[in-house]
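Note sheet for the following structure.
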DNA sequence: ACCTGAACACCGTTCAAGT
DNA sequence: ACCTGAACACCGTTCAAGT
């Protein structure tokens, strides 16, 4: 019998680590988080299971690697968004729109970051990978914290509840995350959700919440629908085009 | 060799179905959703795998059965909450507090309902079980819809955004769900979340949001902290005692 | 030293064999 | 007709054997 064994070959470890994450990402994108299998990852790779396990101590560790990639993409979007040329509330809206775009365009990555938050995953992953993920998450949140702190200083955010920037940032994140998690495409769409479109409700929730914390100008004094259109065309035309390719149009 | 085969025995199918769900529930409570295994369920049961599969076509179907139990508990809590003797915004607060209590007291059930919303589960479960689950979810949401519709009629909810009751109900649900999902006990608690307590932020978010949709009286005109205390002592003293048993105190 | 893949334990699901 | 549990396919993880 002819041996079909793969020939041993040394590759730069950093490059290989990236190859492994990329292979996992392909499976994630085409089959979803639940179908992500070490067997399938290895099948896409020019190396063996043992080698994959040298880079990632377990499946959960690999998921952390994917989550890091997700956060890196999101950080780039947030940074682009926060630079929008408008008032501070419009910049907050820009960040939120970038989060929605990310959730639609990379819904597999969005799912992977959710998965990471569950004990089954974070209890198994290595301390090193967990620390790295936390660093990235902090970097992401810092963008929002800074915008909020500045807005409070400039009296654009009246903050009637006297919450600190971290608390306000969390209120916004909870709302946005919850909306996408309950109305997103990967969620069971039962009768109770009929008539609700994630992008429209997301926009509504954003207005309600920013009014609720007293972020000026309030809805009644500003046309945020127009701001949203401006943000999308000025900052995210490329992403909107990609979303449009799947036959979907973002309307507010 | 002595045969250790279980002796065949007929049992009322309805009772057995409940026994199976209860066995699954025990595992869920002690080991979490991810550790729920058909093997473990069968081990707790006086019947075989084949019989379990006669009642539930697959693991996901069984999860739907658990989810139904979860919704039934939640519906009972909502009904108790909405009967609170106070203004309509206080009744909304009561419902939200009951949701938080449910998430803390039955966090395993909370997790199971989340799991059901993912495609891996709802795509595999039987149509019959899905329909039943949807019916229960509608029953749950109807409680909130009705309260909102009445509040709008009575001009207690000024609804400056002109959203329909379903949309408002979804805004509230998104916020509450998102807050628990991001700050709950089963979530990775990294540095960015330090200093945030789910019950305190949950209460803050609730106030911000209800102010945002103009549900009267606004925070500045009413002490909702006192309302919360009244609601908990009048309606949920039993649940609060159970939570206290695990060394936890709900403070607002 | 580094890499491979057979082997093991575990899990969901099926179905031939029992009563 | 109803129930059982061995058997199968699949998956995460390990490690003895190869180079």
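Protein chains in written order, with my numbering: chain E, 86 to 337; chain C, 86 to 337. Just so you know, even glycine gets a beta-carbon here, dropped at the ideal spot from N, CA and C.
Using the rule of at least 16 other Cβ atoms within 10 Å of the residue's Cβ for burial, across every protein chain shown, is residue 323 of chain E buried or exposed? By 1-based counting over the first chain, the position of residue 323 of chain E is 238. Its Cβ having fewer than 16 others within 10 Å, residue 323 of chain E is exposed.
State the DSSP-derived secondary structure class of residue 92 of chain E, mapped to helix, strand or coil. Numbered from 1 along the first chain, position 7 holds the residue referred to as residue 92 of chain E. Note that residue 92 of chain E scores a pLDDT of 46, beneath 50, so its modelled location is shaky; the value from the coordinates is reported in the next line. Correct three-state label for residue 92 of chain E: coil.
C-alpha gap between residue 157 of chain C and residue 131 of chain C, whole angstroms: Reading the second chain from its first residue, position 72 is the one you call residue 157 of chain C. Reading the second chain from its first residue, position 46 is the one you call residue 131 of chain C. For residue 157 of chain C and residue 131 of chain C, the distance between alpha carbons rounds to 26 Å.
Give the straight-line distance between the Cα atoms of residue 163 of chain C and residue 268 of chain C, rounded to the nearest whole angstrom. The residue given as residue 163 of chain C occupies position 78 in the second chain. The residue given as residue 268 of chain C occupies position 183 in the second chain. Straight through space, the alpha carbons of residue 268 of chain C and residue 163 of chain C are spaced by roughly 22 Å.
Which word fits residue 247 of chain C, buried or exposed, when buried means at least 16 other C-beta atoms lie within 10 angstroms of its C-beta? Here residue 247 of chain C corresponds to residue number 162 of the second chain, with the count starting at 1. Counting other Cβ atoms within 10 Å of its Cβ, residue 247 of chain C stays below 16 and is therefore classed as exposed.
Is the beta carbon of residue 173 of chain E sitting closer than 9 Å to the one on residue 242 of chain E? In the first chain, counting from the first residue as 1, residue 173 of chain E sits at position 88. In the first chain, counting from the first residue as 1, residue 242 of chain E sits at position 157. Against a cut-off of 9 Å, the Cβ pair of residue 242 of chain E and residue 173 of chain E comes out as a contact.
Please report the distance separating the alpha-carbon of residue 195 of chain E from that of residue 216 of chain E. Locating residue 195 of chain E in the first chain gives position 110, counting from the first residue. Locating residue 216 of chain E in the first chain gives position 131, counting from the first residue. Roughly 19 Å separates the two Cα atoms.
Name the chain C residues whose beta carbon is nearer than 7 Å to that of residue 102 of chain E? Here residue 102 of chain E is taken as the residue at index 17 of the first chain, counted from 1. Near residue 102 of chain E there are no residues of chain C at all, since even the closest Cβ is about 22 Å away, more than 7 Å.
Between the stretch 129-148 of chain C and the stretch 225-241 of chain E, do at least 3 Cβ pairs fall closer than 8 Å? As far as the Cβ criterion goes, the stretch 129-148 of chain C does not touch the stretch 225-241 of chain E, which means the pair count is below three.
Going by C-alpha to C-alpha distance, which of C/250, C/227 and C/310 sits closest to residue 159 of chain C? For the purposes of this step, residue 159 of chain C is taken as the residue at position 74 of the second chain. Of the listed residues, the one whose Cα sits closest to residue 159 of chain C is C/227.
Whole angstroms is fine: what's the gap from residue 326 of chain C's alpha carbon to residue 239 of chain E's? Residue numbering aside, residue 326 of chain C sits at position 241 when the second chain is read from its first letter. Residue numbering aside, residue 239 of chain E sits at position 154 when the first chain is read from its first letter. As the crow flies, the alpha-carbon of residue 326 of chain C is around 45 Å from that of residue 239 of chain E.
Do the CB positions of residue 223 of chain E and residue 277 of chain C come within less than 9 Å of each other? The residue given as residue 223 of chain E occupies position 138 in the first chain. The residue given as residue 277 of chain C occupies position 192 in the second chain. Taking 9 Å as the Cβ cut-off, residue 223 of chain E and residue 277 of chain C qualify as a contacting pair.
Which of the three DSSP states is assigned to residue 242 of chain C in this structure? Start at 1 with the first residue of the second chain, and residue 242 of chain C comes out as number 157. In the three-state reduction of the DSSP assignment, residue 242 of chain C falls in the strand class, which pools E and B.
Chain E residues whose Cβ lies nearer than 7 Å to that of residue 290 of chain C: The residue given as residue 290 of chain C occupies position 205 in the second chain. Those are 256 and 259, listed as they occur along chain E.
Cross-strand partners of residue 300 of chain E (DSSP beta bridge): Within the first chain, numbered from 1, the residue matching residue 300 of chain E stands at position 215. DSSP, once it has assigned bridges, lists E/242 as partnering residue 300 of chain E.
Once you ignore the five residues that flank residue 245 of chain E on each side, which residues in its own chain have a CB closer than 6 Å to its CB? The residue labelled residue 245 of chain E in the question sits at position 160 within the first chain. Taken in chain order, the residues that qualify are 299.
Residue 226 of chain E CB to nearest chain C CB: under 9 Å? Start at 1 with the first residue of the first chain, and residue 226 of chain E comes out as number 141. At least one C-beta of chain C is nearer than 9 Å to the C-beta of residue 226 of chain E.
Are the beta-carbon atoms of residue 296 of chain C and residue 296 of chain E separated by less than 9 Å? Residue 296 of chain C sits at position 211 when you count from the first residue of the second chain. Residue 296 of chain E sits at position 211 when you count from the first residue of the first chain. It is a contact, given that the beta carbons lie within the stated cut-off.
Tell me the residue span of the alpha helix (DSSP H) that contains residue 123 of chain C. As a first step, residue 123 of chain C must be located in the second chain, where it is residue number 38. Residue range 123-128 is occupied by the alpha helix (DSSP H) that includes residue 123 of chain C.
Hey, would you say residue 150 of chain E sits closer than 9 Å to residue 105 of chain E, going by beta carbons? For this step, residue 150 of chain E is matched to residue 65 along the first chain. For this step, residue 105 of chain E is matched to residue 20 along the first chain. It is a contact, given that the beta carbons lie within the stated cut-off.
Is any beta-carbon of chain E found at less than 9 Å from that of residue 119 of chain C? Counting from one through the second chain, the residue named residue 119 of chain C turns up at place 34. Answer yes: the Cβ-Cβ gap between residue 119 of chain C and chain E drops below 9 Å somewhere.
Beta-carbon proximity list for residue 211 of chain E, same chain, < 7 Å, skipping 5 on both sides: As a first step, residue 211 of chain E must be located in the first chain, where it is residue number 126. Only 142 and 146 meet the Cβ criterion.
Scan the stretch 193-206 of chain C for residues whose Cβ lies nearer than 9 Å to a Cβ of chain E and list them as they occur along the chain. For the stretch 193-206 of chain C, which is checked against every Cβ of chain E, the residues closer than 9 Å are 196, 199, 201, 202, 203, 204, 205 and 206.
Going by CA-CA distance only, name the one from E/253, E/219 and E/208 that's closest to residue 235 of chain E. Taking the first chain and counting its residues from 1, the one referred to as residue 235 of chain E is at position 150. Distances from the CA of residue 235 of chain E to each of E/253, E/219 and E/208 were compared; the closest alpha carbon is that of E/253.
is_contact[residue 106 of chain E, chain C] using C-beta, thresh 9 Å: For the purposes of this step, residue 106 of chain E is taken as residue 21 along the first chain, with counting starting at 1. No, residue 106 of chain E lies away from the interface with chain C (no Cβ there is under 9 Å from its Cβ).
Spatial neighbours of residue 86 of chain C within its chain, please: CB distance less than 6 Å, with the 5 preceding and 5 following residues excluded, ordered by chain position. For the purposes of this step, residue 86 of chain C is identified with residue 1 of the second chain, where counting begins at 1. With a pLDDT of 30 at residue 86 of chain C, under the threshold of 50, the modelled position of that residue is not reliable, and the figure given next carries that caveat. No residues qualify anywhere along the chain.
In terms of residue numbering, what span does the alpha helix (DSSP H) encompassing residue 153 of chain C cover? As a first step, residue 153 of chain C is located in the second chain; it is residue number 68 there, counting from the start. Looking at the DSSP string, the run of the alpha helix (DSSP H) that includes residue 153 of chain C is 144-167.
If you follow the alpha helix (DSSP H) that residue 102 of chain C is in, where does it begin and where does it stop? Here residue 102 of chain C refers to the residue found at position 17 of the second chain. Unbroken alpha helix (DSSP H) run through residue 102 of chain C: 98-116.
Does the beta-carbon distance from residue 177 of chain E to residue 110 of chain E come in below 9 Å? Walking along the first chain from the start, residue 177 of chain E turns up at place 92. Walking along the first chain from the start, residue 110 of chain E turns up at place 25. One thing to note: residue 177 of chain E has its Cβ no nearer than 9 Å to the Cβ of residue 110 of chain E.
Under three-state DSSP, which class holds residue 255 of chain E? In the first chain, residue 255 of chain E corresponds to position 170, counting from 1. Secondary structure of residue 255 of chain E (DSSP, three-state): helix.
Taking Cβ positions only, does residue 251 of chain C come closer than 9 Å to chain E? Position 166 of the second chain, counted from the start, is the residue given in the question as residue 251 of chain C. Taking Cβ atoms only, chain E reaches closer than 9 Å to residue 251 of chain C, which makes this a yes.
Kindly indicate which residue of C/140, C/116, C/171 and C/107 has the alpha-carbon position closest to the one of residue 44 of chain C. As displayed, chain C neither begins before 86 nor continues past 337, which places residue 44 of chain C out of reach and without an answer.
Among C/188, C/203 and C/193, the one whose alpha carbon lies nearest that of residue 193 of chain E: Position 108 of the first chain, counted from the first residue, corresponds to residue 193 of chain E. The candidate whose alpha carbon is nearest that of residue 193 of chain E is C/203.
Rounded to whole angstroms, what is the Cα-Cα separation between residue 213 of chain E and residue 273 of chain C? Position 128 of the first chain, counted from the first residue, corresponds to residue 213 of chain E. Position 188 of the second chain, counted from the first residue, corresponds to residue 273 of chain C. Taken atom to atom, the span from the alpha-carbon of residue 213 of chain E to that of residue 273 of chain C is near 15 Å.
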